[in-house]
Structure formats: C-alpha cells, structure tokens
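The structure appears right after this line, and notes come after that.
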Amino acid sequence: MAAMTKIVLLFLIGYVGSVSAQETNPCKYVKNGVAAHLTTCSKYYQCNNNRGNIRSCRRSENFNPKTKTCVRASQYECPITTTTATTTTTEPTTIATTTLRTAAPCSPQEENLKRFTLYEFKGSSYFISHDFYTSANAAAQMCETICGYLAEVDNQEEEDRMHSIVGRHNVTAILIGGTDKYREGFWEFARNRRPVTYLHWHEGEPNDALHYEDCMCIMKGWVGMIDCACTPMYLPVKFVCEV
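Here the sequence shown stands for residues -21 to -1, 1 to 222, numbered as in mature numbering (1 follows the signal peptide of the UniProt record, and there is no 0).
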C-alpha cells in the first residue's frame, strides 16, 4: 500500500512540475511533439504522452505554431497581448473612450530631442538618430519619444530627402518605415499597416539575402531602396523619424 501511495505521489509531482498552472494544457491535444505556449510566444512545450515540459527559444526568437520551430521574432509576430490575471473592468468601452478624450497632446522632452539631428524640407521635419538601431521596434519606440514615427516615403521627392540625409552622416544606411514582416513581398508601413504605394528598389532588390530582411533601408551611395534586417547585425545603420 505504501509503495502504491509513493508511486501516485511521484506521478502527481512530476505532472505538476512539467506543466505550468494554466486553464488549458496544450499537450492535452498533442500526445507527442511540440505545442505553443499559451501566454509566451518565446516558449513552447515538448509533449510526451499528453504531458509537457516547457522549453525556451533563443533570445529574440518566437515559436511559430504553424512550422513548429523557433524563428526570428521579425518573421513571426507574437499575437498574444500580455495581461495580468487581476486586471478587470466592467465597462471597457467607456474606459477606452474616456482615455482617448483625456489624452494629453504629445510634447517631446528636450533630452529625447538631443539624441537626434533635425533636418527640415519644405515644412517637413526629419530626425536622424545619433545611435545605431538594435531593432526596428526599438527604433519606432524612440521615434515615439519625439512624437514621430519611422519615416514614410511616398514619392520621389521624399526618397531624395532620405538620400540627402544619409549622405551627410558617417553611416552605411538608414532605416525607414516600410516592412513586409506581416506578409512576405507585401510592403506596408509598420505603424498603421498602410500599403507602401511608392517602391523604387535598387537593382536586384529586394532580395531577402539573409532570409529575414523584412525592413526597408536607404543605402548610402545606392539608388533606390533595399530590404534590410529588422535586427541588424552586420551593418552600422541609423534610423530616421518623421514628425
């Protein structure tokens, strides 16, 4: 009897330790294999007999449930919105409306502006960063601190402005706002998913040379645009905000 009790206890301890406390066990539907984590895109379950152990993808990678592999975050946008279990609201629509009505106008802080160099063209303001960008998302967030967004090129004149800016700095290229990370080959502006209607590519571009070039850059000395990595590792690239 004691031996049987011990076996049962060991089974329960192993089960609780292998699957985190959640409402649904993803391995319930996957006897053997891998299954997506329910709340964190960078993790997944290694399932065995409908039970699972949590595994983590490498840094800056997400688990893609379609291919069942870890891929760069730029190649699979995490659909999960992080929330806390204690957050509750009885009238979400009213709260959202109130927030929009009372939102203060954007006013950039002087400290944030010091991290950029300003260029003005016919009433438009562009700010090139002093720092090299680590990711397109981080660059977009930096633009927001000065009430702007990654530059959106809609015509030849605006493209010429970008070439003029990159030509004045000791930098290989600049990041602008276009991306095809949501759908390969379909270019849109990241901040609002507006389709990019002006596309003037450098010869041979876009070529997705590194297989994860889902962002848009302007290369110094080149004609037109190129596709570039959203998380650069091999080129010193700055970014341009439009305000």
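Using N, Cα and C, we set each Cβ at its ideal position, and we do this for glycine too.
- Residue 129 and residue 220 have their C-alpha atoms spaced approximately 4 Å apart.
- Taking a cut-off of 8 Å on C-beta distances, the stretch 24 to 31 does not touch the stretch 45 to 57, as fewer than three cross pairs fall below it.
- Rounded to the nearest whole angstrom, the C-alpha separation of residue 206 and residue 166 is 10 Å.
- For residue 139, the enclosing alpha helix (DSSP H) starts and ends at 135 to 145.
- In the pairwise beta carbon analysis, the stretch 97 to 113 is classified as not touching the stretch 183 to 203: fewer than three pairs are separated by under 8 Å.
- Collapsing the DSSP output to three states places residue 47 in coil.
- With contacts defined as CB atoms closer than 9 Å, residue 126 and residue 85 qualify as a contacting pair.
- Under DSSP, residue 25 shares a beta bridge with 13, 32.
- Nearest neighbour of residue 181 by Cα position, chosen from 202, 190, 88, turns out to be 202.
- If you look at residue 121, you'll find it in the alpha helix (DSSP H) that goes 115 to 123.
- Contact between residue 171 and residue 124 fails: their C-beta atoms lie close to 18 Å from each other, not under 8 Å.
- If you compare the alpha carbons of 209, 108, 141 with that of residue 189, the shortest gap goes to 209.
- In terms of CA proximity to residue 95, 148 leads the group 183, 131, 148, 142.
- By the Cβ neighbour-count rule, residue 108 is buried, with 16 or more other Cβ atoms within 10 Å of its own.
- For residue 221, the uninterrupted beta strand (DSSP E) segment begins and ends at 216 to 221.
- Where residue 97 is concerned, there is no enclosing alpha helix (DSSP H), although the beta strand (DSSP E) around it starts and stops at 95 to 100.
- The Cβ atoms of residue 31 and residue 9 lie closer than 9 Å to each other.
- Just measuring C-alpha positions, the residue of 119, 131, 120, 89 sitting nearest residue 104 is 131.
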